[in-house]
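Heads up, the thing below is written out as structure tokens.
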Amino acid sequence: MVRKILLIAYNGVTALDLVGPMQVFSTASGYSKATTGVALYDLAVASVDGGAVATSTGLHILARPFREIGLEQIDTIIVPGGRPNDNSVFDTRLVAWLAENGPRSRRVCSVCVGAFLLAEAGLLAGRFATTHWDFIETLKRKCDGATILDGPIFVHDGNIWSSAGVSAGIDLALHLVEDDHGRKLAMDVAKMLVVYFRRPGNQHQFSTSLSLQASTDTDFSDLLTWAAGHLKENLSVEVLASRSGMSVRSFTRKFRVAVGLTPAAAIEKMRFEEAKRLLSEGDLPLKRVASVCGFRDEQTLRRAFQRIADVSPSEYRQRFS
């Protein structure tokens with residue numbers, strides 16, 4: 143059975159969000175045809191009006207108009223992300239088309255901020271979903287009827303699949319191939335594309351340190367800049383409060399309001415980010431990394447990585463060094 147995969151295009155779409163999953167399905171189908179004589183997927187790129195569609199990189203993709211697509215044949219709809227503030231992302235005709243045809247498809251999948259389009263179409267109501275780490279809070283505000291998760295690379299709920307930022311669309315597509323045709327084929331495709339079949343960790347490992355030093359409170363900005371240069375030292379709340387000239391109680395309250403984290407959580411995040419840098423740029427033993435970054439011991443470092451990024455320090459180094 144050949145499954146029809148429809149990839150949605152619109153002006154401003156992120157090229158990799160679209161062509162990444164498309165390449166996975168194309169490779170799977172081509173490999174199957176070469177080895178068994180049977181094609182697995184029929185791929186189509188479509189837009190509201192059809193014709194040339196400009197991606198965010200300037201690359202133009204030729205799309206078919208929706209009116210030429212046999213809707214009853216669609217197995218999976220892929221909705222890539224684009225510039226979230228670009229009006230073209232929320233073309234009312236596209237939103238209406240998704241609202242009408244999404245529930246009819248076996249699977250509707252969003253890549254990155256394509257989740258915003260699903261939200262506009264009402265497809266995330268009552269669902270679990272995810273998006274790019276930098277837009278998690280925005281999507282939560284926009285779609286309060288959904289539960290937006292900030293850790294997973296992709297989320298499956300009913301006929302709705304959503305993936306995290308950009309390249310996570312490739313992870314999702316590999317999982318869909320596995321779901322359709324088994325683990326072996328999906329692993330073979332991953333090998334041919336030279337990507338992870340199962341990416342280690344979660345999307346927290348790709349985010350920055352929450353831009354802690356960019357706090358709007360100048361005093362705390364200076365404090366965090368100082369702390370970043372003294373991670374090996376005692377950075378207890380008492381030390382930080384004393385340096386800020388406040389009582390512990392007053393400092394803790396004001397810091398949390400200004401930064402959005404407790405002092406302890408902020409310091410741990412900074413230490414975690416520095417540990418990531420050391421692991422990716424050098425070969426220091428884990429015990430030394432823990433010491434330099436201010437973690438009590440190697441085990442504390444390991445626990446921080448597992449809790450924040452769902453990956454061990456050794457796995458992180460292997461993946462990013």
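Heads up: the sequence shown is residues 143 to 463, going by my numbering.
A virtual CB, placed ideally from N, CA and C, is assigned to each residue, including glycine.
Computed from a predicted model, the values in this text were never measured in an experiment.
Inter-residue spacing [alpha-carbon to alpha-carbon] between residue i and residue j
| i | j | result |
| --- | --- | --- |
| Ala261 | Gly371 | 42 Å |
| Val337 | Arg459 | 17 Å |
| Ala288 | Ala315 | 23 Å |
| Val297 | Phe232 | 22 Å |
| Gln448 | Leu281 | 26 Å |
| Val187 | Phe270 | 27 Å |
| Ala400 | Leu366 | 12 Å |
| Ala332 | Asp452 | 22 Å |
| Pro294 | Ala310 | 10 Å |
| Leu236 | Val190 | 6 Å |
Own chain, CB closer than 6 Å to residue i, minus 5 neighbours either side, in chain order
| i | result |
| --- | --- |
| Cys435 | Leu373, Arg413, Glu416, Ala417 |
| Ala196 | Asn153, His202 |
| Ser171 | Ala181, Leu182, Tyr183 |
Pair within 9 Å by beta-carbon distance, residue i and residue j
| i | j | result |
| --- | --- | --- |
| Ile220 | Ile147 | yes |
| His323 | Ser174 | yes |
| Ser305 | Val253 | yes |
| Pro405 | Leu426 | no |
Classification of residue i by the beta-carbon crowding that lies within 10 angstroms, buried from 16 upward
| i | result |
| --- | --- |
| Met143 | exposed |
| Ala238 | exposed |
| Asp159 | buried |
| Trp368 | exposed |
| Ser392 | exposed |
| Ser456 | exposed |
| Phe234 | One point to set straight first is that residue 234 is Thr, not Phe, in the sequence displayed. Exposed. |
| Val319 | buried |
| Leu204 | exposed |
| Thr177 | exposed |
Residue span of the alpha helix (DSSP H) that contains residue i, given as start and end
| i | result |
| --- | --- |
| Arg430 | 428-435 |
| Phe167 | 157-178 |
| Ile450 | 440-451 |
Delimiting residues of the beta strand (DSSP E) encompassing residue i
| i | result |
| --- | --- |
| Ile220 | 216-221 |
| Ala196 | 193-196 |
| Ser384 | Element bounds for Ser384: not the beta strand (DSSP E) but the alpha helix (DSSP H), 379-386. |
Cβ-based neighbour list, residue i, same chain, cut-off 8 Å, excluding 5 preceding and 5 following
| i | result |
| --- | --- |
| Ser198 | Gly154, Val155, Thr156, Ala157, Gly224, Arg225 |
| Arg438 | Ala432 |
Own chain residues within Cβ distance below 7 Å of residue i, not counting five before or after
| i | result |
| --- | --- |
| Arg398 | Thr404 |
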